[in-house]
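With positions in the sequence shown counted from 1, the corresponding number in this note's numbering is that position plus 1.
Don't be surprised by glycine CBs; every beta carbon is placed ideally from N, CA and C.
None of these values were measured; they are calculated from a predicted model.
Presented below is the structure to which this report refers.
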Amino acid sequence: MKINTTINGKAVSLETNPNTMLAEALRKAGYKGVKIGCGEGSCGACAVMIDGRPRNSCILPAGMAEGSEILTVEGMGNPENPHVLQQAFVDSGSTQCGYCNPGALIAAKALLDRNPSPTADDVKDALDGNLCRCTGYVKRIDAVLEAAKAGKKADKKPAKRAGGKK
Ligand code: FES
Ligand code: FES
């Protein structure tokens, strides 16, 4: 069955069983930035934005995404032209294995979209559901605050280029 969506600004029909979890369907369609960690809605690795809200796609049947707008980390930026949050994660050392980063970036973007001037507690709350076994949580909070302080909207790309890892 085809599930008609908009992914990262483009119309995409996902060819999948509607009961397949969205994370799996997205990965099968090539959006490998969507990571599957726990597979049960508790680690946030699979978070994508659906109609402007971060959702754990490992517990969302793909059929529920019919007609929705999805943003994956690939839609935020890339190594040549990273999103301000992606650059801040790299600059702050908030990435080691990187597995948690796509979901955390999506959660951080959702926060900055609704609150461009968050406090550290706001960031802590927003990233509460995104587990990281490598870097801990202080650096990523700093990264989001830095991105916000730069005065850039979360949907803008930064002026400087970076070749660092995502
Ligand atoms: Fe989806 Fe952990 S893989 S919440
Ligand atoms: Fe490895 Fe977060 S950087 S899990």
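Let's test the definition: count the other Cβ atoms within 10 Å of the Cβ of Cys-47 and tell me whether it reaches 16, buried, or not, exposed.
buried
Own chain residues within Cβ distance below 7 Å of Asn-5, not counting five before or after
Ser-14, Glu-67, Gly-68
Measuring alpha carbon to alpha carbon, tell me which residue in Val-74, Thr-73, Ile-51 is nearest Gly-64.
Ile-51
What would DSSP say about Arg-54, mapped onto helix, strand or coil?
strand
Can you name the residues that DSSP bridges to Ile-71?
Ile-8, Ile-51
Given a threshold of 16 other Cβ atoms within 10 Å of its Cβ, counted over all protein chains shown, does Gly-10 qualify as buried or as exposed?
exposed
Inter-residue Cα distance where the pair is Ala-121 and Lys-150
12 Å
Does Thr-116 come out as helix, strand or coil in the three-state DSSP assignment?
The question names Thr, yet the displayed sequence has Asn at residue 116. If DSSP states are grouped into helix, strand and coil, Asn-116 belongs with coil.
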